[in-house]
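Written out below as structure tokens is the structure these notes cover.
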Ligand code: PNS
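Residue numbers (my numbering): 10 to 188.
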């Protein structure tokens, strides 16, 4: 039964580009599982449970989308959940080589598993989780790149406050000047 597709990724943090792909994927497949990789080698900004919580909130409006986590090989997870396809987004030519390699490797490991690529929406083609984190760490605005929930979580994670890093910096600078 060709019903279940997986959208795997790190989602550290989820971006508007990810959400666009989830929305479009939810229309293409009967069931879409957003599968967050539990990768002990990476040092994520957000824990697996934090990412899962954010994605669950962000995908609440899609009745056929479920959020899950996995470790080990994607093909083994796909077999466990009975998925026939893997959904991935391509933003630019630079993504293509890596994505092609993954798709071919996954097909080698599990010939029945298809990889379906969607091109990123133009507005989101420059966004990546890594760039969002870099900008947020350096006090830049990321509200065009990530949903409001993620903006807030980034602020809390990086500043300990629900305010922008820039505002936080000037508040701290103001305090030290007064001393
Ligand atoms: O968002 P990302 O970090 O580009 O996602 C990469 C991901 C999770 C899709 C990929 O690393 C993956 O599938 N990892 C699971 C391990 C695996 O199956 N590796 C072999 C396929 S190349």
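Glycine included, each C-beta is placed from N, C-alpha and C at the ideal position. All values reported here derive from a predicted model rather than from experimental measurement.
In whole angstroms, give me the CA-to-CA distance for residue i and residue j.
i           : j           : result
residue 155 : residue 134 : 13 Å
residue 61  : residue 19  : 10 Å
residue 114 : residue 144 : 33 Å
residue 12  : residue 52  : 33 Å
residue 39  : residue 92  : 11 Å
residue 153 : residue 132 : 9 Å
residue 90  : residue 161 : 33 Å
residue 49  : residue 80  : 9 Å
residue 75  : residue 86  : 14 Å
residue 165 : residue 120 : 43 Å
residue 94  : residue 107 : 18 Å
residue 21  : residue 63  : 10 Å
residue 136 : residue 116 : 28 Å
residue 111 : residue 25  : 23 Å
residue 169 : residue 147 : 15 Å
Can you determine whether any heavy atom of the ligand PNS sits closer than 7 Å to the C-beta of residue i, and answer yes or no?
i           : result
residue 76  : no
residue 17  : yes
residue 111 : yes
residue 82  : yes
residue 115 : yes
residue 122 : no
residue 46  : yes
Contact defined as beta carbons within less than 8 Å: I believe residue i pairs with residue j. What is the distance between those atoms, to the nearest angstrom?
i          : j           : result
residue 99 : residue 129 : 7 Å
residue 17 : residue 46  : 6 Å
Sorted by chain position, which residues of the same chain lie with C-beta nearer than 7 Å to residue i's C-beta, five sequence neighbours on each side aside?
i           : result
residue 67  : 23, 28, 156 and 158
residue 142 : 54
residue 151 : 141, 144, 145, 160 and 163
residue 84  : 115, 118, 119 and 122
Please go through the same chain and pick out, in chain order, the residues whose beta-carbon is closer than 8 Å to the beta-carbon of residue i, but skip the five residues on each side of it.
i           : result
residue 78  : 44, 45, 46, 47, 57 and 61
residue 82  : 118
residue 105 : 99
residue 181 : Note that residue 181 has pLDDT 42, beneath the 50 cutoff, so the model's placement of it is unreliable and the number below is only indicative. Here the set comprises nothing.
If I measure Cβ to Cβ from residue i and keep anything under 6 Å in the same chain, skipping five residues before and after, which residues do I get?
i          : result
residue 96 : 14, 16, 34 and 125
Using 8 Å as the Cβ pair cut-off and three pairs as the minimum, do the stretch 25–40 and the stretch 58–74 touch? Counting C-beta pairs closer than 8 Å gives three or more between the stretch 25–40 and the stretch 58–74, which meets the contact rule.
When you compare the stretch 122–131 with the stretch 47–63, are there three or more beta-carbon pairs, one atom per stretch, that lie closer than 8 Å? In short, these stretches do not touch, since the Cβ pair count stays below three.
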